[in-house]
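Participant:
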Amino acid sequence: MTTIVWFRKDLRLADNPALADACARGGPVIPLFILDPAEPLGGASRWWLHHSLESLSQACAALGAPLVLRAGPPADLLLTLAGETGATSIVWNRRYEPEIIARDTVLKSALAAKGLDARSFNGSLLVEPSALRTFSGEPYKVFSPFWRTLAGFAPFAAPRPAPHVLRALAVPVVSDALDEWSLLPHAPDWAAGLRATWQPGEAAAATRLGDFLDVDVASYPVMRDRMDKAGTSRLAAHLHWGEVSIHQAWQAAAMTADANPAAAAGVGAFQRQLAWREFSAHLLFHWPHLAKKAWKPAYENFPWTDNEAHFTAWTKGRTGYPVVDAAMRALWATGTMHNRARMIVASFLVKHLLIDWRRGADWFEDTLVDADLANNRAGWQWVAGSGSDASPYFRIFNPVLQGQKFDPDGAFVRQWVPELAGLDNRFIHQPWSAPGHALDEAGILPGETYPHPVVDHDYARKRALDALASMKSNQLTEV
DNA sequence: TGAAATGTTGGGGCG
DNA sequence: ACGCCCCAACATTTC
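Encoded structure:
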């Protein structure tokens, strides 16, 4: 009774329900990862995946059963592998993106039709989207009541330990070599910043979680907004790839609060952030169009503009707004961006430049190591104002004020926009207001060494509000 | 998980 | 002493 364990966004051995099920059956286990060419992966995601698979592969081998790598359409490959190995069961942990659900549903019945025992498990959410409803039986549209209900389910099931051993098949199973997949960039190798920033894999994820809870969680409520400090959990990518489970994160946080009452507020704030991840998955599950269209239909008529020069300035970090540019360059270099910075740059693209949020979401998915469809799309729609429980459209971030509040010493800007490093604190977030002598002393030539602002803030703000008004009047005339 | 515009209040300078 | 004005500080409303 051989079982194929199909790893997906659950690249860990501990607290992995599908793997635990396979081990409990007692027969041989074949750990498998499939690279599906039909599923687009951004460059940063490919880099992360390579290293996470490397880590998983070592961990599987150490327990006795090597990880098998195959590339191609999953349904075909699973049938082929079952035929090769005589496996009778296939298990995996569920994913909740609409296209993946559709694919897996078809695939599952195809496997069953061939007499295979195919089972799926919840390995990535505290509560599955279908299990959470309001009193009236509707899915949640507002975060706060969602959060109350979710928190009411706690304590959640305790995470399970990793298996001590994986019983391998007697005969070796053919596997691709990871390097053949060319997931790492070469010519040029742009991943130096990623290597310096991240360590993918289950062991590193556990360390990160532990360090965060030991060191940073107590000050999390205040420090998590500071772009110049490392006050966030930096767990998004580890959670996205399933190197740490949501149950592990929740429980470890809860135990931290029990052991250290002074950390309780921080733990609560952290768990609330975990709940945003659940909320995004919930929204995307119940409203699959969230990924592609405005959740609020009216916003499908929003008068977006096309301006390639502006879009390029945004992606390259050359908008002339220091905080925006620092954040965009950090993203490009490291594959991540501070949560507050994500809100600021998203607001800037959507409201200052009037560029469709989908272009920003696409860019994030290309460049983020934690590119998660639900989180990303729900987040962009939240900023754009078109989402469920979204920020109102008129809430327009002022990049200067945000910089002054959340990068008060300009350290974040100086790190990523070194051409401004010599500028006095008073001007670091608004170099255009610096007097000539200050620019001279800092060695800055506006328009040469650092761009002029691509748009004027006051003008852009009014233009965005006008665009919203025109959208609304279009709605009226269409009715 | 904003910011700007507008309104209100109260202390101090000053005639 | 008193009223008036100014304006910072804070509150409310509007976008």
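Residue numbers (the numbering used here): 40 to 518. Backbone N, C-alpha and C fix where the C-beta goes; we use that ideal spot for every residue, glycine too.
In chain order, what residues of the same chain lie with their CB nearer than 7 Å to the CB of Pro-113, ignoring the 5 residues before and after it?
Facilitator: For the purposes of this step, residue 113 is identified with residue 74 of the first sequence, where counting begins at 1. Cβ neighbours of Pro-113 beyond the five flanking positions: Ile-73, Asp-75, Leu-146.
Participant: Hey, how far is the Cα of Ala-380 from the Cα of Phe-387?
Facilitator: Position 341 of the first sequence, counted from the start, is the residue given in the question as residue 380. Position 348 of the first sequence, counted from the start, is the residue given in the question as residue 387. Near 10 Å, if we compare the C-alpha coordinates of Phe-387 and Ala-380.
Participant: Under DSSP, the alpha helix (DSSP H) around Ser-84 begins and ends at which residues?
Facilitator: Here residue 84 refers to the residue found at position 45 when the first sequence is read from its first residue. Counting along the chain, the alpha helix (DSSP H) containing Ser-84 begins and ends at 82 to 102.
Participant: Report the rounded CA-to-CA distance for Trp-326 versus Leu-208, giving the unit in angstroms.
Facilitator: Your numbering for residue 326 matches position 287 in the first sequence. Your numbering for residue 208 matches position 169 in the first sequence. Cα-Cα distance, rounded: 42 Å.
Participant: Starting from the C-beta of Pro-224, find all residues in its chain whose C-beta is less than 7 Å away, skip the five residues before and the five after it, and write them out in chain order.
Facilitator: Numbered from its first residue, the first sequence carries residue 224 at position 185. Same-chain partners within the cutoff: Gly-82, Trp-86, Ala-230.
Participant: Below 7 Å CB to CB, which residues in the same chain sit around Arg-311 once its five sequence neighbours on both sides are set aside?
Facilitator: Within the first sequence, numbered from 1, the residue matching residue 311 stands at position 272. Taking Arg-311 as the centre and dropping the five residues before and after it, the same chain places the C-beta of Trp-186 closer than 7 Å to its C-beta, in chain order.
Participant: Excluding the five sequence neighbours on either side, which residues of its own chain have a C-beta within less than 7 Å of the C-beta of Arg-47, listed in chain order?
Facilitator: Translated into the one-based positions of the first sequence, residue 47 becomes position 8. Taken in chain order, the residues that qualify are Trp-131, Asn-132, Arg-134.
Participant: Can you tell me where the alpha helix (DSSP H) with Val-189 in it begins and where it stops?
Facilitator: Translated into the one-based positions of the first sequence, residue 189 becomes position 150. It is worth fixing the name first, because residue 189 is Leu in this sequence and not Val. First-last of the alpha helix (DSSP H) with Leu-189: 182 to 191.
Participant: Could you check where the beta strand (DSSP E) with Ile-73 kicks off and where it finishes?
Facilitator: As a working note, residue 73 is residue 34 in the first sequence. From DSSP, the beta strand (DSSP E) with Ile-73 extends over 68 to 74.
Participant: By how many angstroms is the C-alpha of Phe-251 removed from the C-alpha of Ala-291?
Facilitator: One-based indexing of the first sequence puts residue 291 at position 252. One-based indexing of the first sequence puts residue 251 at position 212. Cα to Cα, the separation comes out at about 10 Å.
Participant: Would you kindly work out how many angstroms separate the C-alpha atoms of Leu-462 and Ala-296, rounded to a whole number?
Facilitator: By one-based count along the first sequence, residue 462 stands at place 423. By one-based count along the first sequence, residue 296 stands at place 257. One C-alpha to the other measures close to 42 Å.
Participant: Since Gly-374 and Leu-407 are thought to touch, with beta carbons under 8 Å apart, how far apart are those beta carbons, to the nearest angstrom?
Facilitator: In the first sequence, residue 374 corresponds to position 335, counting from 1. In the first sequence, residue 407 corresponds to position 368, counting from 1. At roughly 6 Å, the Cβ-Cβ gap stays under 8 Å, so Gly-374 and Leu-407 are in contact.
Participant: Please confirm if the segment 315 to 322 is in contact with the segment 449 to 457, defined as three or more CB-CB distances below 8 Å between the two stretches.
Facilitator: no
Participant: Leu-108 and Asp-215 - do their beta-carbons sit closer together than 8 Å?
Facilitator: Position 176 of the first sequence holds residue 215. Position 69 of the first sequence holds residue 108. Yes.
Participant: Is Glu-219 closer than 8 Å to Ala-244 when the C-beta atoms are compared?
Facilitator: Position 205 of the first sequence, counted from the first residue, corresponds to residue 244. Position 180 of the first sequence, counted from the first residue, corresponds to residue 219. No, Cβ-Cβ distance for Ala-244 and Glu-219 is not below 8 Å.
Participant: By how many angstroms is the C-alpha of Arg-357 removed from the C-alpha of Gly-487?
Facilitator: In the first sequence, counting from the first residue as 1, residue 487 sits at position 448. In the first sequence, counting from the first residue as 1, residue 357 sits at position 318. Sequence inspection shows Glu at residue 487; the Gly mentioned does not correspond to that position. Each residue's Cα considered, the two are about 11 Å apart.
Participant: Taking the straight line between their C-alpha atoms, what separation do you get for Ile-383 and Leu-313?
Facilitator: Here residue 383 is taken as the residue at index 344 of the first sequence, counted from 1. Here residue 313 is taken as the residue at index 274 of the first sequence, counted from 1. Approximately 21 Å, taken between the alpha carbons.
Participant: So, at 8 Å on beta carbons, what are the nonlocal neighbours of Ser-171 in its own chain, with the 5 sequence-adjacent residues on each side left out?
Facilitator: Within the first sequence, the letter at position 132 stands for residue 171. The residue you asked about is not Ser; residue 171 is Leu in the sequence shown. Excluding sequence neighbours, Leu-171 sits near Pro-178, Tyr-179, Phe-185, Thr-188, Leu-189, His-321.
Participant: Strictly by DSSP, which residues pair up with Trp-131?
Facilitator: Looking up residue 131 in the first sequence gives position 92. Looking at the DSSP assignment, Trp-131 forms a beta bridge with Trp-45, Ser-159.
Participant: Does DSSP put Val-518 in a helix, in a strand, or in coil?
Facilitator: Within the first sequence, the letter at position 479 stands for residue 518. Caution applies to Val-518, whose pLDDT of 44 falls short of 50 and renders its modelled position unreliable; the model cannot decide the point.
Participant: Tell me the rounded alpha-carbon separation between Pro-56 and Arg-247.
Facilitator: One-based indexing of the first sequence puts residue 56 at position 17. One-based indexing of the first sequence puts residue 247 at position 208. Looking at the two C-alpha atoms, the distance is approximately 22 Å.
Participant: Please specify which runs of the alpha helix (DSSP H), each continuous and at least 4 residues long, are wholly inside the segment 323 to 381, giving them in chain order.
Facilitator: For the segment 323 to 381, whole alpha helix (DSSP H) runs of length 4 or above, ordered along the chain, are 347 to 355, 361 to 373.
Participant: Run through DSSP, which three-state label would Ala-216 get?
Facilitator: Against the first sequence, residue 216 aligns to sequence position 177. Ala-216: coil per DSSP, three-state reduction.
Participant: Counting only runs of 4+ residues fully inside the segment 391 to 445, write out the alpha helix (DSSP H) ranges in chain order.
Facilitator: 396 to 406, 412 to 423, 438 to 445
Participant: For Gly-399, count the other beta carbons within 10 Å of its own beta carbon; 16 or more makes it buried, fewer makes it exposed. Which is it?
Facilitator: In the first sequence, the residue the question calls residue 399 occupies position 360. Answer is buried; the Cβ neighbour count reaches 16.
Participant: Do three or more CB pairs link the segment 118 to 125 to the segment 192 to 212 at distances below 8 Å?
Facilitator: yes
Participant: Under 8 Å: do the segment 430 to 449 and the segment 461 to 477 share three or more Cβ pairs, one atom per stretch?
Facilitator: Yes: at least three Cβ pairs fall under 8 Å.
Participant: Which parts of the segment 216 to 240 are runs of the alpha helix (DSSP H), unbroken and 4 residues or longer, counting only runs that do not cross its ends?
Facilitator: Taking only runs of at least 4 residues, the alpha helix (DSSP H) segments lying wholly in the segment 216 to 240 are 231 to 236.
Participant: Assuming the contact rule is C-beta atoms closer than 8 Å, Arg-51 and Glu-241 should be a hit. Round their C-beta distance to whole Å, please.
Facilitator: For the purposes of this step, residue 51 is taken as the residue at position 12 of the first sequence. For the purposes of this step, residue 241 is taken as the residue at position 202 of the first sequence. The Cβ separation is near 4 Å, so the contact holds.
Participant: Please state the DSSP three-state secondary structure of Arg-316.
Facilitator: Translated into the one-based positions of the first sequence, residue 316 becomes position 277. Three-state DSSP puts Arg-316 in a helix.
Participant: What would DSSP say about Arg-109, mapped onto helix, strand or coil?
Facilitator: The residue given as residue 109 occupies position 70 in the first sequence. Correct three-state label for Arg-109: strand.
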